[in-house]
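Working notes, structure below.
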Amino acid sequence: MAGGYVLADSAPGAGFDWSFFWHYLFAPSSTFLDGLWRTVYISVVAQLLGVVLGFLIALAQRSRHTPLRWAGAGYVWLLRGTPLLVQLVLVYNGLAAAGVYRFNDVRVAGVIVLGVVQAAVLTLALNEGAYMAEIFRAALDAIDPGQAEAAHALGMTPAKTMRVVLLPQALRIIVPPLGNEFNLMMKSTSLLSVIGLQEMFLTAQSINSATFKTFEIFLVAACYYLALTTVWSFVQKFIERRLADPGRAAPATPSFRHRLTGGARGERGVLSTGDIR
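For the record, in the sequence shown the residue sitting at position 76 is 108 according to my numbering, with numbers rising by one throughout.
Put into structure tokens, the structure is as follows:
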């Protein structure tokens, strides 16, 4: 028993089943593909919501109104200071047990959204919002204050200053740490198994329980997680190029190996997730 899961070994002396491994790697079952699909769409939706929420929290932290600043700081303190696993259990199981709210299946645009999926997306987005708030706050603080002052002198409203002057520059700064955050998001979906959501990890666990091919099936899952993060590295590079400032000399482009394995903390003056976490 490990972490609540029975990790059964293959028969003694059976060795590694290469045929099983290659079969599930290149011709996975529909059940495994369903788990993979849930991992992808939950990650994307939760990350998008987390980015929006993080931006709003960052604005609250920079507000002139003390209650908003305290609320933003309290949110970040609470969500970053507690484990995601605990948050998942509290939101899905705790709220129902306390009689506060129970996540029931709902139909949206003809599609049934399971209650457990709703709880998963909500919790991941709330958690991600706390980290994205700090990333946005640091990015906005990195912009020369004189630019906002010049915009105000030209008669721009605070909202227009943020939209036209500050936010475009902040977006260029946050792309690298955003890439790290989304990598973490995709891998964090494996924690959703604790609330019974059949994402890729729990699907692999179910296959393991039926076949006793522990090492083989979890190695397949690891390969698919690696494939997802690798594809995202290309997407991140594309976004960085699209957001690059044409009026400035482009910084040295990191190699593909560097992009996959990461670099030194704070290298090239780029805000890194490690600086936030």
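All C-beta atoms, glycine included, are put in the ideal place defined by N, C-alpha and C.
**Prompt:** With 7 angstroms set as the bound, which would you pick, yes or no: does the beta-carbon of Val252 sit closer than that to a beta-carbon of chain D?
**Reply:** The chain inventory of the structure shown lacks chain D, comprising one protein chain alone.
**Message:** Let me confirm a value: Gly47 is counted as buried when at least 16 other C-beta atoms fall within 10 Å, else exposed. Which label applies?
**Reply:** Taking the first residue of the sequence shown as position 1, residue 47 is located at position 15. Exposed.
**Message:** Could you tell me the alpha carbon to alpha carbon distance between Asp49 and Leu117, rounded to whole angstroms?
**Reply:** Here residue 49 is taken as the residue at index 17 of the sequence shown, counted from 1. Here residue 117 is taken as the residue at index 85 of the sequence shown, counted from 1. The alpha-carbon atoms of Asp49 and Leu117 are separated by roughly 33 angstroms.
**Item:** Distance, Ser61 Cα to Phe52 Cα
**Value:** By 1-based counting over the sequence shown, the position of residue 52 is 20. By 1-based counting over the sequence shown, the position of residue 61 is 29. If I take the Cα positions, the gap works out to 12 angstroms.
**Prompt:** Cβ of Met217 within 7 angstroms of Cβ of Gln119?
**Reply:** Stepping through the sequence shown from its first residue, residue 217 is reached at position 185. Stepping through the sequence shown from its first residue, residue 119 is reached at position 87. Result no, Cβ atoms of Met217 and Gln119 do not sit closer than 7 angstroms.
**Message:** Buried or exposed, going by whether 16 or more other CB atoms sit within 10 Å of the CB of Pro209?
**Reply:** In the sequence shown, residue 209 corresponds to position 177, counting from 1. It counts as buried.
**Any 3 or more C-beta pairs closer than 8 angstroms across the stretch 216-236 and the stretch 143-159** = yes
**Asked** Alpha carbon to alpha carbon, how far is Ser95 from Pro200?
**Response** Numbered from 1 along the sequence shown, position 63 holds the residue referred to as residue 95. Numbered from 1 along the sequence shown, position 168 holds the residue referred to as residue 200. So the two alpha carbons sit approximately 19 angstroms from each other.
**Nearest to Phe87 (by Cα), restricted to the options Ile175, Arg139, Ala171 and Leu275** = Here residue 87 refers to the residue found at position 55 when the sequence shown is read from its first residue. Looking at the Cα atoms, Ala171 is the closest of the given residues.
**Request:** Return the Cβ separation of Ala103 and Ala92 in integer angstroms, given the expectation that the two are a contact with Cβ distance under 8 angstroms.
**Result:** For the purposes of this step, residue 103 is taken as residue 71 along the sequence shown, with counting starting at 1. For the purposes of this step, residue 92 is taken as residue 60 along the sequence shown, with counting starting at 1. Rounded, the Cβ-Cβ distance is 6 angstroms, consistent with contact.
**Prompt:** Can the beta-carbon of Glu231 be found closer than 7 angstroms to that of Thr71?
**Reply:** Position 199 of the sequence shown holds residue 231. Position 39 of the sequence shown holds residue 71. A contact, by the Cβ cut-off of 7 angstroms.
**Contacts around Leu127, its chain only, beta-carbon distance under 6 angstroms, and the 5 residues preceding and following it disregarded** = Taking the first residue of the sequence shown as position 1, residue 127 is located at position 95. Here the set comprises Tyr133.
**Item:** Segments assigned alpha helix (DSSP H), at least 4 residues, entirely inside the stretch 165-240
**Value:** 177-185 and 199-220
**Message:** Rounding to the nearest angstrom, what Cα-Cα distance links Arg297 and Leu203 in this structure?
**Reply:** The residue you call residue 297 lines up with position 265 of the sequence shown. The residue you call residue 203 lines up with position 171 of the sequence shown. Confidence at Arg297 is low in this model, with a pLDDT of 45, below 50, so its placement is unreliable and no value can be given for it.
**Item:** Nearest-angstrom Cα separation, counted from Ser265 out to Ile271
**Value:** Numbered from its first residue, the sequence shown carries residue 271 at position 239. Numbered from its first residue, the sequence shown carries residue 265 at position 233. Approximately 10 angstroms between the Cα atoms of the pair.
**Item:** Expected contact under 8 angstroms - CB spacing of Ala180 and Val197 to nearest Å
**Value:** One-based indexing of the sequence shown puts residue 180 at position 148. One-based indexing of the sequence shown puts residue 197 at position 165. Their Cβ separation, rounded to whole angstroms, is 7 angstroms, which keeps Ala180 and Val197 in contact under 8 angstroms.
**Item:** Euclidean distance between Cα positions of Tyr163 and Gln150
**Value:** Locating residue 163 in the sequence shown gives position 131, where the first residue counts as 1. Locating residue 150 in the sequence shown gives position 118, where the first residue counts as 1. Looking at the two C-alpha atoms, the distance is approximately 20 angstroms.
**Message:** Measuring only the C-alpha atoms, how far is Ala282 from Val267?
**Reply:** Against the sequence shown, residue 282 aligns to sequence position 250. Against the sequence shown, residue 267 aligns to sequence position 235. Confidence at Ala282 is low in this model, with a pLDDT of 49, below 50, so its placement is unreliable and the value that follows should be read with caution. Distance between the alpha carbons of Ala282 and Val267 is about 18 angstroms.
**Asked** Which two residues bound the contiguous alpha helix (DSSP H) that contains Val77?
**Response** Taking the sequence shown and counting its residues from 1, one reaches residue 77 at position 45. Its alpha helix (DSSP H) spans residues Ser62 to Gln93.
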